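And the structure:
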C-alpha cells in the first residue's frame with residue numbers, strides 16, 4: 138500500500154476521534170506524516186489542508202511517553218514548519234513549541250529524539266519572536282544546554298543545536314541593537 142496524505146491523515150483522524158488508536162497505529166501514523174512531510178511544500182500544504190497538523194499534535198500530546206511517536210512527531214513538526222510562516226504559526230498556536238519542550242524533558246537520554254525535538258524548536262522559532270519567547274519561558278535554554286552536555290558526540294543533537302545557538306546569538310545581537 139502506498140502512503141498518501143489522504144490515507145494517513147484520514148486514518149489518524151478517524152482513529153483519534155473514535156479513541157481507538159493503539160500506540161502502534163499512532164507510531165505508524167506519525168512516521169507516515171514524517172515521511173510525507175519530507176516530500177516538500179506541496180505535500181506539506183496537503184497535510185495542512187486535510188487537518189494533519191491538528192491530528193499530529195493531538196497524537197504527540199497524548200503519547201508523550203512513546204519515543205517513536207515523539208521522534209516521528211517532532212520530525213514531522215520540523216518538516217511542516219520549514220518554509221511556511223503560516224504553517225509555522227499554526228503549529229505554534231496548536232502548542233508545538235510546548236510539545237517539543239515536553240519531548241526534551243520526557244526523553245533526555247535518547248539522542249535521536251532530542252535531535253528531532255531540537256530541530257522542531259529550531260524551525261518553529263526561526264523568525265518568530267513569539268515562539269522564541271515561548272522557548273525562553275518554557276525552560277528551553279536549560280533543556281538545550283542539558284542536551285548539549287548529555288549528547289556531546291551525537292550528531293543528531295549537535296546539528297540542530299549548533300543552528301539553535303547561532304539563532305539565539307543573532308536574537309541577542311538584535312535585541313542589544315534595539316536597546317542602543
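Residue numbers (the working numbering): 138 to 317.
Glycine included, C-beta positions come from ideal geometry on N, C-alpha and C.
These numbers were taken from a predicted model, which means no experiment stands behind them.
My output table needs one value for residue i: the three-state DSSP class, helix, strand or coil.
i           : result
residue 187 : coil
residue 143 : helix
residue 285 : helix
residue 227 : helix
residue 290 : coil
residue 201 : coil
residue 92  : An answer regarding residue 92 cannot be provided, because it is not within the stretch 138 to 317 covered by the chain.
residue 314 : helix
residue 177 : coil
Since I believe residue j is in contact with residue i (beta carbons under 8 Å), could you give me their beta-carbon distance rounded to a whole number of angstroms?
i           : j           : result
residue 200 : residue 163 : 6 Å
residue 297 : residue 264 : With 8 Å as the limit, residue 297 and residue 264 do not qualify as a contact, their Cβ atoms being about 16 Å apart.
residue 167 : residue 206 : 5 Å
residue 183 : residue 142 : 4 Å
Would you give the residue range spanned by the alpha helix (DSSP H) that residue i belongs to?
i           : result
residue 248 : 248–262
residue 174 : 160–174
residue 274 : 266–274
residue 243 : 233–243
residue 208 : 204–218
At a cut of 8 Å, does the stretch 218–231 reach the stretch 240–252 through at least three beta carbon pairs?
-> Flag = no, the stretch 218–231 and the stretch 240–252 do not touch.
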